[in-house]
Amino acid sequence: MMVVVLILTFSFIGAKGQMVEELEIPIGVGFDITKASSITYNKVPIIVYSFEEGGRVASNVLMGTGLSIGETRETRQLESSRKFLLGLTRIIVYSEESARDGLRNNLDVLVNNPEINDRALCVICKGKAEDMLKYKVKGVPSSADYIYGLVKNSDQFNFMSMQYTIMDMVVRVDAEGRNVILPYVEITENGIKITGTAIFNGARMVGKADIRESRVINLLKEDKVKGILTIQKNSKEYIDCYVQSKRKVKCERKDGKYKFIINLNLKGKIVNNCLYNNLNSDVKTLKTFEEDMKKTAEKMCEEYINKIKCEYNTDVLDLGRVAVARYGRGTGTDWNSVICNSIIEVKVSFKVDTEGRGDY
Amino acid sequence: MDERKVINQSNIDNIKKLIGSKSEIVVRTFIVGNKNFLEAAIMYVNGLADVDVIDRDILKPLMLHVAEDLTNVSNIEDYIYKKYVAVSDTYVEGDVNKAADSIKRGKTVIIMEGASSFIVVNTTGGTYRAISEPHNDPTLRGPKEGFIENLETNISLLSRKIKDKNLVTEKYVLGRRSQTDLVIMYIDDIVDKGFLNRIREKIETIDIDSISSDSFIEQCIEEHPYSIFPQVIASERPDVVQSKLMEGRIAFLLDGSPFVSTYPTVMAEFFQTTEDYYERSIIGSFIRIVRLLAVFIVITVPSIYITLIKFNAELIPIEFVESLIKSRKGIALTPFMSLLAMQLTIEFLREGGLRLPSKIGQTLSVVGGIIIGDAALNAKIVSSSTLLVAGITTVASFAISDYQMAISIRIISYLMLIMSNWLGMLGIVIGWLFIIAYLSSMNNFGVPYVSFRIGDIKDIFIRAPLWTMKNRPEGIPHKDSKRQSIFRRR
Amino acid sequence: MDIEEKNLLTPSQFTFTLVSSMIGTGVLTLPNDVIKAAKQDGWISCIIGGIYPIYIFVLAYLVSKRFPKSNLFVLSKKCFGKLLGNIFNVIFISYCILEAAFILSGFGNVFRIYAAPFLRSYQVILPILIVPAFISFKSIVSLGRFNKIIFYLTIFLVFMPIGVFKQSSVLNIMPIGDTGIVSIMKGAKETAYSYSGIELIFLLYPLLEEKKKFLKCSSASIGITIFVYTWVTFLAIFYLGIDISPKFFWPTIALADSINIPIINSFRFIFISFWALVMIKGLATYYYASCYTWSLLVKRMSKKTFAVLIYLPIAYIAMRLGNPTLRGWCVNKTIPYYVAFNIIFLSVLAFLCHFKKGDISEKN
């Protein structure tokens, strides 16, 4: 018994911990790069909570600069009055420049540290991450919270999926036949907005798609996403439908050329209807509407597919994954170029789910 | 005649010596018989014997109604008690020591002239507490009888409930000076004989001065006297003891103690209450699960709180971090200190509430709790989250049904607190492992303290309906496994 | 019903002790090793690799038919003569001790990374080792019960990663069978380390209370182990994919992160604490095996003395093993020899036993 106590006492010596109130709680981490001659400087601004008197919570940005990411931690500690902790981050903001330069180092840091919150969201921002984090938003303690809310709730519309966490990124970057896309935010005169998606090839950003294109990309790439599809004849007559999609991809290979068929199964809720009369009462009208919607969706996809295929030189739509599953892994095929040369067909099927309360 | 008187007198003196000449013995001499009368005397201890019975059923018939000549009757004591002593429990005793013993227990001894042995009449009386509902273990729906201090009454309470012919009572006398009676009861064809022998051996090894309560016996024969966990459970309710006997246990009834302890005891029993069994199965199961959850909370929550705050802040849910930090700003003590201080204060309040007269006790607990808590908050000694954790722990510990077990678990939670303060999560893991390892290796008289048989789960974590409890639980050794059949075709 | 007197294991305790001797730290790194060799068919390799424990079990079964009461040491002395038999016994003992040290240091590494980065290695290793020492101090039944209780407590851990199904896809494991038999076989070889530990069956079966249940118990434990390993590898491939999984040192824990419970920031914490219980369980089994085997060899000293003595050497070795790379290197160097040795040794033993007379007082 005595021995036990002795051992425990011995182990106790030197055990240290730090109280939570004395820690620096980062809410968001940013990542910037400046290139001066041939040296690249990493700048890592971190936005932390600072607790004011009266219980208000405000935020503060601390910068760290260095040649390597580790060094930035050191310089940042020189500025900070508390101990550094990487763990409670909610959001990571990469500047476009650093994204285009390649995020591999960053990903390595994230994987290596077990304290990281794997469910933090990643976004790409226009300009400097520092500015994004310093921006003051009314009603929330910091812009990081605001961006977090932005991205988190983005999956309500625009066919965005919520799969932008660190874990998702890590899983997708190097997987054969998969690619990352991240939301792109910028500071406009009305505040911070998502203005599109950033397209990645591996760990590098290769392009930005605007909102219209992003919608199509998302629709074709992700499964179980929601958004609004419209058939519009003119500015007064249109019908809006809030659809939820189910996606299945089939892959065929003929003479070395790949053909991908993306089957989209859309189920919709009519949001407003100023185009069709008697939609509720007449089955034929309903069927016509469904046909029309189907054609509209297919047309919208086709409009962008050719652009998507080749402009970014990347397999944006995760089609390589299906091919790999069918035809074998590790064969050394460069899926990016293969996709560019392949035929992509979109087949949509659309069904009306509910029709709302009434038709005015 | 003088000779006879002398013989009688020497007997009387012998017995007096055995009992103790300075005690309250009453010796009443009288004459029996009409023509050639015999000298007789009765001896009893005032206060232990029921004087009404003596007067009515011994003295009256012997003094007033003996109309024959008894001088020629051989074996006079036999004749007298069979014919004239109108008390049912009467016998002839040859050993003067045993006769003295029986006087100490409230019986009366009749010494006849010319007799070679004594007549012992059961006139036990004296005032005892009435049978009432036990304070510590009330139920809503069960019987409201409880054991009292009188051994015979207790035995009768049990015999009333179990009319099986195999119910056995064995008598022992313990204690050098107190010479207290101990009766063990068990059901002969259920109990395991090897186990029974072990218990018997253990009882016979007890050599103690005086025994005032059955917990003394427990402390004398338990196999792990330094362990934190209680190893024997006692109850004031006959219905509880009844069901325990049914499972193959042995009950110890001690004269002068209203608590009946049962051996062997397994850990699961400390979390079972009578109320569980009188309610319906789903409700009983729910409450049992809540109780087990309470145990877990008491042991682990303070430690986890300390670990999260002190070592692993990245694991605190983000939503709590803000409020946690706000409430902890400027607190003077470390979380460990403040949590410890709060727990200790609550212990003081609890102890105090027990001892004080009931009116003051209640006020003290409420007022003490609220005022001290509030003052501590304002003085920035503790933070509100710490107070919350301490409060939850205490409230959870009240849910543990057995008082001894509750204290044991509270002690364990302090130990875990210290471990987690030293080593963080590792401390908690080691603490739990140690508890499990310790429980695994604890045995009581050959019966494991914790055993996890599949069939027993019915009664440990949930309470399965009564009509499904077909077999006796295997944790207790027994001979006869089947106790009822499943008579509901469900 | 008085089990204590005989100091033997009940069937369920036996099963779980055997399980704990096999599932240790291997399961945390197993997916990586297997994926390296067999890519997305790694999970098939796990199933095939189960042949190794089954084979050892068959040997033990044959031997137990003839010699139900003799354990490994007695048998090896019988079959190979005193000197050679003792040498083999000593090798077996060193296996137990090394294995215990490996588990301990592996545990220390994992724990310090994920849960307690502020602790130094000796602060983790020394206190943890107390618990197995305590159990070994007591009897085999304590060990059996300990294993059983912890098994039931931690069984849900295996099923937790079901949350992963939502986010992963079947595409990750296809095409099935594409990698070819050879690589699957190579993958199966990698599982040998994880399945090793089954040799303890030779020590344990004399301690089993009801010999008739031997077949049932052992098959249960082997079945459970194979299932757990295959399941874990399958999930790792399913969720992480074969490209990402090797990036983590311990892919199984990365799986735990996939579980998204609203309040709890990181399920990892809970997973690691429960996992610690499992690892300590394995450690306790090996610690006990070491003490027990030593006491068999050196008749003069009792098991309890050894329980105290072995504490230091194991702790020391564990601390020297240090970081994962060094440890991995040591493991890779030593375990293949041990496995080969065990297979040959035990096969020859079973073969020889077949020809020897049975136990005296054995009705066979």
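Protein chains in written order, with this note's numbering: chain A, 206 to 565; chain B, -8 to 481; chain C, 16 to 379.
Don't be surprised by glycine CBs; every beta carbon is placed ideally from N, CA and C.
Cβ atoms of residue j and residue i: under 7 Å apart, would you say?
i, j, result
"residue 85 of chain B", "residue 108 of chain B", "yes"
"residue 233 of chain A", "residue 296 of chain A", "yes"
"residue 324 of chain B", "residue 372 of chain B", "yes"
"residue 365 of chain C", "residue 34 of chain C", "no"
"residue 242 of chain B", "residue 232 of chain B", "yes"
"residue 300 of chain C", "residue 36 of chain C", "yes"
"residue 525 of chain A", "residue 382 of chain A", "yes"
"residue 330 of chain A", "residue 390 of chain A", "yes"
"residue 132 of chain B", "residue 279 of chain B", "no"
"residue 113 of chain B", "residue 60 of chain B", "no"
"residue 119 of chain B", "residue 141 of chain B", "yes"
"residue 228 of chain B", "residue 390 of chain B", "no"
"residue 189 of chain A", "residue 266 of chain A", "Within the shown structure, residues of chain A are numbered from 206 to 565, placing residue 189 of chain A beyond reach of any answer."
Would residue i be called buried (16 or more neighbouring beta carbons within 10 Å of its own) or exposed?
i, result
"residue 275 of chain A", "exposed"
"residue 157 of chain C", "buried"
"residue 265 of chain B", "buried"
"residue 47 of chain B", "exposed"
"residue 473 of chain A", "buried"
"residue 208 of chain C", "buried"
"residue 153 of chain C", "buried"
"residue 369 of chain C", "exposed"
"residue 344 of chain C", "exposed"
"residue 459 of chain A", "exposed"
Tell me, to the nearest whole angstrom, how far the beta carbon of residue i is from that of residue j; I am working on the premise that it is less than 8 Å.
i, j, result
"residue 412 of chain A", "residue 404 of chain A", "5 Å"
"residue 470 of chain A", "residue 440 of chain A", "31 Å between Cβ atoms; not a contact."
"residue 491 of chain B", "residue 364 of chain B", "With chain B running from -8 to 481 in the structure shown, residue 491 of chain B is simply not present."
"residue 430 of chain B", "residue 421 of chain B", "Incorrect: roughly 15 Å between the Cβ atoms, too far for contact."
"residue 486 of chain B", "residue 134 of chain C", "There is no way to answer for residue 486 of chain B, as the model of chain B reaches only from -8 to 481."
"residue 94 of chain B", "residue 35 of chain B", "6 Å"
"residue 286 of chain A", "residue 346 of chain A", "Wrong, their Cβ atoms sit about 18 Å apart, outside the cutoff."
I need the DSSP call for residue i, collapsed to helix, strand or coil.
i, result
"residue 411 of chain A", "strand"
"residue 17 of chain C", "Reliability fails at residue 17 of chain C, whose pLDDT of 36 lies under 50, so the model's placement of it is uncertain and no value is given."
"residue 88 of chain C", "helix"
"residue 221 of chain B", "coil"
"residue 369 of chain C", "helix"
"residue 333 of chain A", "coil"
"residue 473 of chain A", "strand"
"residue 237 of chain A", "strand"
"residue 39 of chain C", "coil"
"residue 388 of chain A", "strand"
"residue 258 of chain B", "helix"
"residue 558 of chain A", "strand"
"residue 103 of chain B", "strand"
"residue 450 of chain A", "strand"
"residue 136 of chain B", "coil"
"residue 307 of chain B", "coil"
Should residue i be listed as close to the ligand NAP, given that the test is whether its C-beta is under 6 Å from any heavy atom?
i, result
"residue 354 of chain B", "You won't find the ligand NAP in this model; it holds no ligand whatsoever."
Selection of the segment 112 to 131 of chain C by Cβ proximity to chain A, strictly under 7 Å: 128, 129
Contacting positions in the segment 303 to 314 of chain B - beta carbon closer than 8 Å to chain A: 304, 305, 306, 307, 309, 312, 313
Which residues, in chain order, does the segment 403 to 427 of chain B contribute to contact with chain C at a C-beta distance below 9 Å? 410, 413, 414, 415, 416, 417, 418, 419, 420, 421, 423, 424, 425, 427
Taking a cut of 9 Å between CB atoms, which residues from the segment 234 to 262 of chain C lie near chain A? 254, 255, 256, 257, 258, 259, 262
Name, going along the chain, the residues of the segment 46 to 57 of chain C whose beta-carbon falls closer than 9 Å to a beta-carbon of chain A. 54, 55
By the 8 Å beta-carbon criterion, what residues does the segment 53 to 80 of chain B contribute toward chain C? none
What are the residues of the segment 362 to 383 of chain A that lie near chain C, defined by any Cβ-Cβ distance shorter than 9 Å? 368, 372, 373, 375, 376, 377, 378, 379, 380, 381, 382, 383
Near-chain B residues of the segment 270 to 301 of chain A (beta-carbon distance less than 8 Å), N- to C-terminal order: 290, 291, 292, 293, 295
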